[in-house]
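Novice: Please see the structure below; I have some questions.
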Amino acid sequence: MVYKGYPRHARSDQSSRLSQCTKNSGIWQQEKYSSTGFQFAGESLSSFKIMTNLLPIAHHDAYAHPLPPRHRFPMVKYELIAEQLVYEGIVKPDNFFQPDLATRETIGLAHDMDYVDALLELRLPPQMVRRIGFPMTRSLVEREQLLVDGTLQAAVKALITGVAFNTAGGTHHAGRNFGEGFCLFNDQAVAAAYLNQRGLAKKILIIDLDVHQGNGTAHIFEGHPEIRTFSIHAERNFPFKKEKSHVDIALPDGIDDMQYLETLTQHLPSLFEEIRPDFAFYQSGVDVLNTDRLGKFCLTGQGCRRRDELVFQTCKEYGVPVQVSMGGGYSIHVKDIVNAHVATYRSAIDIFEF
Ligand SMILES: [Zn+2]
């Protein structure tokens, strides 16, 4: 990866170029999916990575959804991640593609239709809305549809490029018939069900390294014969009622880099050996950091980067394409959140040699 580095004065220019680019959707529009099947652009797609050598990244301006003042969810990170990636010269505006609204039928691959319809028609009961933690509006539901489609399209692109990102997503607390913890629809669960059902990938591993358990994802896929879930999380943290993942590693408070990385090294390769996945999803939440207000781990930025590298190196070693969604991050200073997320992209670019 060649770091080009845009000059500082060009920052506002770059962000408007990014915005323009995501609106146009650029070259990625060569590939389409629909609810009735794939319409690949023939042979051009198989040589796609060679032609472009671009890491695909789903992004939409609407990811940064306006919230009431002093709401504790750091929504601003979604515009900052994309801006920072371009500002630092890690990616170019052409790397970004703009998702569409995921359809009712697509979301229903992982969620009960009653729940999907209640959200799409804005008639979710108030106690279920409170469990989610966002004021329920049409634009919020559309944001969630966009981020589900962003992850789904990124997953399809990762089949070609080896790795692809969504600047949002990782909404792993959304279960089959409920949302909670700022999660409405479960983006990676929908995408996993889609790949599996279409035969694009059969054995799928969802690697969830957010500090909170991926309870919604576990709820959706418990007992699934082909889609397996793996979660390393803080035992004494939200969600207090844990669900059953294929493999759960619940760690005590205060875990440091060495303890965390040893645990990951102990379990991840053996899980790849056991499952032999042909696709992986990675929920790369950065609320494992020692600066996080809601996490209870003590990872440094360097430890968090090493965690990402271990995931990407394992995927690469086993020849498994991987889609990455951002997940949580609640450090006091938003720069700590953004820097840690941006480091995940940098690791993927280095390891997958973009
Ligand atoms: Zn989290």
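Numbers given in this note's numbering equal positions in the sequence shown, counted from 1, plus 670. Backbone N, C-alpha and C fix where the C-beta goes; we use that ideal spot for every residue, glycine too.
Please report the straight-line C-alpha distance between residue 932 and residue 886, rounded to a whole angstrom.
Specialist: Near 26 Å, if we compare the C-alpha coordinates of residue 886 and residue 932.
Novice: Span of the alpha helix (DSSP H) holding residue 1001?
Specialist: Neither: residue 1001 is in no alpha helix (DSSP H) and is coded neither H nor E.
Novice: Is it buried or exposed for residue 920, if we count other Cβ within 10 angstroms and need 16 for buried?
Specialist: Residue 920 is exposed by the Cβ-count criterion.
Novice: Put residue 844 into one of helix, strand or coil per three-state DSSP.
Specialist: It is coil, neither helix nor strand.
Novice: Per DSSP, which residues does residue 902 bridge with? Please list them.
Specialist: Beta-bridge pairing links residue 902 to 919.
Novice: Work out the CA separation of residue 1015 and residue 771 for me, nearest whole Å.
Specialist: Their Cα atoms are separated by approximately 24 Å.
Novice: In chain order, what residues of the same chain have a beta carbon less than 6 Å from the beta carbon of residue 998, not counting five sequence neighbours either side?
Specialist: The residues are 880, 955 and 957.
Novice: Once DSSP output is grouped into helix, strand and coil, what is the label at residue 727?
Specialist: Of the three classes helix, strand and coil, the one that applies to residue 727 here is strand, per DSSP.
Novice: Please write down, chain order preserved, every residue whose beta carbon lies under 5 Å from a heavy atom of ligand 1.
Specialist: Answer in sequence order: 880, 882, 955, 957 and 998.
Novice: Would you mind giving the Cβ-Cβ distance between residue 888 and residue 914, rounded to the nearest angstrom? I have them listed as a contact below 8 Å.
Specialist: Yes, they are in contact, since the Cβ atoms of residue 888 and residue 914 sit about 6 Å apart, within 8 Å.
Novice: Using DSSP's beta-bridge definition, name the partner residues of residue 836.
Specialist: DSSP output for residue 836 lists 728 as bridge partner(s).
Novice: In chain order, what residues of the same chain have a beta carbon less than 6 Å from the beta carbon of residue 706, not counting five sequence neighbours either side?
Specialist: Note on residue 706: pLDDT 32, under 50, position unreliable in the model; no value is reported.
Novice: Check for me: the beta strand (DSSP E) holding residue 780 runs from which residue to which?
Specialist: No beta strand (DSSP E) holds residue 780; DSSP gives it neither H nor E.
Novice: Just the C-alpha distance for residue 990 and residue 949, rounded to the nearest angstrom, thanks.
Specialist: Straight-line Cα distance between these residues: approximately 5 Å.
Novice: Quick check: what's the CA-CA separation for residue 826 versus residue 791?
Specialist: When rounded, the distance between both Cα atoms is 28 Å.
Novice: Taking the alpha helix (DSSP H) that residue 945 belongs to, which residues open and close that run?
Specialist: Residue 945 -> alpha helix (DSSP H) spans 927–945.
Novice: Quick one: Cα of residue 981 to Cα of residue 824, how far?
Specialist: Residue 981 and residue 824: Cα-Cα distance of roughly 18 Å.
Novice: Return the chain-ordered list of same chain residues with a C-beta closer than 7 Å to the C-beta of residue 1008, the five sequence neighbours on each side being excluded.
Specialist: Excluding residues within five positions, the ones whose Cβ falls inside 7 Å are 747, 750, 751 and 754.
Novice: From 935, 875, 969 and 929, pick the residue whose C-alpha is nearest to that of residue 916; which is it?
Specialist: Answer by Cα proximity: 875.
Novice: For the alpha helix (DSSP H) containing residue 819, list its first residue and its last residue.
Specialist: 808–831 is the extent of the alpha helix (DSSP H) around residue 819.
Novice: For residue 863 and residue 942, what's the separation of their Cα atoms in angstroms?
Specialist: Distance between the alpha carbons of residue 863 and residue 942: 19 Å.
Novice: Considering only residues of the same chain and omitting the five flanking positions on each side of residue 783, which have a CB-CB separation below 8 Å?
Specialist: The answer, listed in chain order, is 774.
Novice: Just tell me which of 797, 757 and 1017 has its CA closest to the CA of residue 850.
Specialist: The residue with the shortest Cα to Cα distance from residue 850 is 797.
Novice: So, does the CB of residue 835 fall closer than 8 Å to a CB anywhere in chain D?
Specialist: Of the protein chains in this structure there is only one, and it is not chain D.
Novice: With DSSP as the reference, identify every bridge partner of residue 880, one or two as the case may be.
Specialist: None; residue 880 has no bridge partner.
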